[in-house]
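Presented below is the structure to which this report refers.
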Amino acid sequence: SDSSVDINQLKFIKAEAYRKLVKYDNYFDIIKGLDLDKIYPYRLKYKVFSDIDEVIGGDINDTNLSAIMKSIQDDLNYSNEFFNRWIIYNKKDYSSINETIEIDETKETKENIINKLKTSDMINKIIVFAEKNKIVYFVAMALVFLIGLLIGKYYKKKRDRAPYYTFRR
Numbered sequence: 054s055d056s057s058v059d060i061n062q063l064k065f066i067k068a069e070a071y072r073k074l075v076k077y078d079n080y081f082d083i084i085k086g087l088d089l090d091k092i093y094p095y096r097l098k099y100k101v102f103s104d105i106d107e108v109i110g111g112d113i114n115d116t117n118l119s120a121i122m123k124s125i126q127d128d129l130n131y132s133n134e135f136f137n138r139w140i141i142y143n144k145k146d147y148s149s150i151n152e153t154i155e156i157d158e159t160k161e162t163k164e165n166i167i168n169k170l171k172t173s174d175m176i177n178k179i180i181v182f183a184e185k186n187k188i189v190y191f192v193a194m195a196l197v198f199l200i201g202l203l204i205g206k207y208y209k210k211k212r213d214r215a216p217y218y219t220f221r222r
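The sequence shown begins at 54 in the working numbering and counts up by one.
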């Protein structure tokens, strides 16, 4: 009900809470949906830039995040001389990253599709083989039982080796 509080400020506070809890995926999701031009005070934009840079360490794999970093850096070039010098001194240039990310994402999506097709094809072959040979079900069940039995005996022996009472005199 307070008109001086903006929804962007509340989202920023929520994002900062996620950052402090080391839940960076949630932090990045909120920052992507945040209008950084409406954050008050305006210096918080620089904090977002430095926090994201600290978390990702210069390795951006997300196009939205790279666009945010690029826009903040472009704004910093004109508005804050000291922060701009920090960017140059520490070699934190995010202005050219956007093009390389788009190329990498197309390669990754093609590789993911190929890998999914390979794994689904292998699973289908195993299912067809198991349906043709009914003995496979019994062998698999016996194998799982034996593995569970061996693991159980190992942990039982490990538990029995530790003395319950220690007598020190």
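Virtual Cβ for every residue (Gly too), placed ideally from N, Cα, C.
| Item | Value |
| --- | --- |
| Which of helix, strand or coil DSSP assigns to G205 | helix |
| Start and end residues, alpha helix (DSSP H) containing N133 | Counting along the chain, N133 falls outside any alpha helix (DSSP H), and DSSP gives it neither H nor E. |
| Where V108 sits in the DSSP three-state scheme | helix |
| K209 classed as buried or exposed, judged by whether at least 16 other C-beta atoms fall within 10 angstroms | exposed |
| Local conformation of I125 per DSSP, three classes | helix |
| Inter-residue spacing [alpha-carbon to alpha-carbon] between Y71 and I105 | 13 angstroms |
| Exposure of F182, with buried meaning 16 or more beta-carbon neighbours within 10 Å | exposed |
| Start-to-end residues for the alpha helix (DSSP H) that takes in N79 | 77-85 |
| Close-in-space but distant-in-sequence residues of the same chain around L129 (CB under 6 angstroms, 5 per side omitted) | F136, N137 |
| Boundaries of the alpha helix (DSSP H) in which I113 is found, first to last residue | First-last for I113: undefined, no H or E at that position. |
| Limits of the unbroken alpha helix (DSSP H) element including L63 | 60-73 |
| As assigned by DSSP and simplified to three states, the class of I92 | coil |
| Where A193 falls, given that 16 or more other Cβ within 10 Å makes a residue buried | exposed |
| Contact the segment 104-124 vs the segment 56-67: 3+ CB pairs below 8 angstroms | no |
| Coil, strand or helix - N142 by DSSP | According to the sequence as given, residue 142 is Tyr; it is not Asn. Helix at Y142. |
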